[in-house]
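S.K.: Have a look at the structure that comes next, please.
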Amino acid sequence: MVLIFLRRAALISAALFIFKSLPAVSAETKSKKAETSKDIIEKAYNLSLQKDRSQAINILVNAIKQENLRNGNTTELKKALQQVSYLFYSDRAQQTFELALSLRRTDAAQALQKMNEALRMEPDNLSLFNEMQRMILIKGDCSGALDNISKERLQDPFDENLILLQGQAQACLGQWEEFKKTHDIFDIKKSSQWKYWLSLEIEHALYEKNLMKAKEVVTTLQKQDPKYPELLYWQWRVASGAEKSAPAQKYIKECKNISATQYRQYMTDVNLCRKVVEVETAIKSSNGTNE
265 MVLIFLRRAA LISAALFIFK SLPAVSAETK SKKAETSKDI IEKAYNLSLQ KDRSQAINIL
325 VNAIKQENLR NGNTTELKKA LQQVSYLFYS DRAQQTFELA LSLRRTDAAQ ALQKMNEALR
385 MEPDNLSLFN EMQRMILIKG DCSGALDNIS KERLQDPFDE NLILLQGQAQ ACLGQWEEFK
445 KTHDIFDIKK SSQWKYWLSL EIEHALYEKN LMKAKEVVTT LQKQDPKYPE LLYWQWRVAS
505 GAEKSAPAQK YIKECKNISA TQYRQYMTDV NLCRKVVEVE TAIKSSNGTN E
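For the sequence shown, position 15 matches number 279 in our numbering, and the numbering has no gaps at all.
Here you go:
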């Protein structure tokens, strides 16, 4: 999972670095021109430092939309949007967030409580919002999570974590037509979240009973990240006969012994190691045992 936890000092340093590298622009020249992307980023950073995150996000989102209409370069604007959206304003909020993450696997109820506590401190922090939606999905309230995510995407339609969360919620609800629309918003092959999209693609292919397609995507996923625990689950799903045993046993073993570090690395997947009982039940059934 890729989250950006920038501290206030880091953001200030980043902003100063950017603006010190800019060529000097006179006030007279500025008045004759529309605001540049650098002007807008500077304004957004200043608003963020004043803890006016909502206004900073609005300014950047509108600027990205305008640049898209002109087929302009939105790279720096999107980078600034991500920085502003994920910035923690207080150490307490970030510490509570980290505690919630550490509890997510072992004590889901306590993790949810801590995440709510952090959100009360910083209700517009996207790090907190996104993780809360993952917890809601894990809890099984896929409809509630999708409603929350859809509303948030009205404010920020560009954040890749939000887009992935929307796809995960739609898959959870079996809304595959809507999932395909979400999937096609951007080139997922260029995303740091690609492995999680591939996992959803396999699920979609199996839903459509397209085993050949599912196997192809499993092969792609294995090349992309052979250490991803859910790869074993999908290998089991697409295998047949005696070939099913090895990935099944390995999936159960890895998930039951997964380290906190590895779990944290892949916790963007809301289904991470949640299929152990399913696999164990299938093994028992195939062996003809009843326990």
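Idealized CB from N, CA, C, for every residue including glycine. Quantities reported herein were computed from a predicted structural model and do not represent experimental measurements.
Please list the terminal residues of the continuous alpha helix (DSSP H) segment that includes Met379.
M.R.: Residues 372-385.
S.K.: Whole angstroms are fine: how far does the CA of Glu416 sit from the CA of Pro387?
M.R.: If you take the alpha carbons of Pro387 and Glu416, they lie about 12 angstroms apart.
S.K.: Gln419: which of Ser349, Thr545, Glu299 sits nearest, CA to CA?
M.R.: It is Ser349 whose Cα lies nearest to the Cα of Gln419.
S.K.: Do you know whose CA, among Gly505, Glu424, Leu390, Asp533, lies nearest Asn551's CA?
M.R.: Checking every option, the nearest Cα to that of Asn551 belongs to Gly505.
S.K.: Here's the rule: buried if 16 or more other CB atoms are within 10 angstroms of the residue's CB, otherwise exposed. What is Thr525?
M.R.: Result: exposed.
S.K.: Per DSSP, what kind of secondary structure is Arg538 in: helix, strand or coil?
M.R.: Here Arg538 sits in coil by DSSP.
S.K.: Distance check for Leu410 and Leu363, CA to CA, integer angstroms please.
M.R.: Cα to Cα, Leu363 sits roughly 25 angstroms from Leu410.
S.K.: So the alpha helix (DSSP H) Tyr527 belongs to, where does it begin and stop?
M.R.: Segment 524-530, the alpha helix (DSSP H) holding Tyr527.
S.K.: Counting only runs of 3+ residues fully inside the segment 393-448, write out the beta strand (DSSP E) ranges in chain order.
M.R.: Listed in chain order, nothing qualifies, since the segment 393-448 has no complete beta strand (DSSP E) run of 3 or more residues.
S.K.: What do you reckon, are the CB atoms on Gln434 and Glu424 nearer than 8 angstroms?
M.R.: Result no, Cβ atoms of Gln434 and Glu424 do not sit closer than 8 angstroms.
S.K.: Ignore the nearest five residues each way along the sequence and tell me which others in Ala591's own chain have a CB closer than 7 angstroms to its CB.
M.R.: The structure shown does not extend to residue 591, since the chain spans only 265 to 555, so no value can be given for it.
S.K.: With distance defined between alpha-carbon atoms, name the residue in Leu536, Lys403, Ser523, Arg334 nearest to Ala373.
M.R.: The shortest C-alpha separation from Ala373 is found at Lys403.
S.K.: Taking its Cβ as the centre, do 16 or more other Cβ atoms sit within 10 Å of Met476, making it buried, or is it exposed?
M.R.: So Met476 counts as exposed.
S.K.: Could you have a look at Gly505 and say whether DSSP puts it in helix, strand or coil?
M.R.: If DSSP states are grouped into helix, strand and coil, Gly505 belongs with the helices.
S.K.: From Thr338 to Gln347, what does the alpha carbon distance come to, in whole angstroms?
M.R.: Spanning the two alpha carbons is a distance of roughly 14 angstroms.
S.K.: May I ask you to report which of helix, strand or coil DSSP gives Leu390?
M.R.: Leu390: helix per DSSP, three-state reduction.
S.K.: Using C-beta distances below 7 angstroms, list every residue in its chain close to Ala478, excluding the 5 sequence neighbours before and after it, in chain order.
M.R.: Cβ within range, chain order: Ile466, Ala469, Leu470, Val502.
S.K.: Give me the Cβ distance between Glu480 and Asn535, rounded to the nearest whole Å; I'm assuming they're in contact under 8 angstroms.
M.R.: Not confirmed; about 20 angstroms, so no contact.
S.K.: Keeping to the same chain, check which residues put their C-beta closer than 7 angstroms to that of Ile452; ignore five residues upstream and five downstream.
M.R.: For Ile452, where only same-chain residues beyond five positions count, the Cβ hits under 7 angstroms are Trp458, Trp461.
S.K.: Measure from the alpha carbon of Leu428 to the alpha carbon of each residue in Phe352, Ser456, Ser549, Glu340, then state which is nearest.
M.R.: The shortest Cα separation from Leu428 among Phe352, Ser456, Ser549, Glu340 belongs to Ser456.
S.K.: Indicate the three-state DSSP secondary structure (helix, strand or coil) for Pro490 in the structure shown.
M.R.: Pro490 falls in the coil class under three-state DSSP.
S.K.: Relative to the alpha-carbon of Ile449, which residue among Leu426, Leu437, Ser463 has its alpha-carbon at the smallest distance?
M.R.: Cα-wise, what sits closest to Ile449 is Leu426.
S.K.: Hey, how far is the Cα of Gly336 from the Cα of Ile304?
M.R.: Approximately 15 angstroms between the Cα atoms of the pair.
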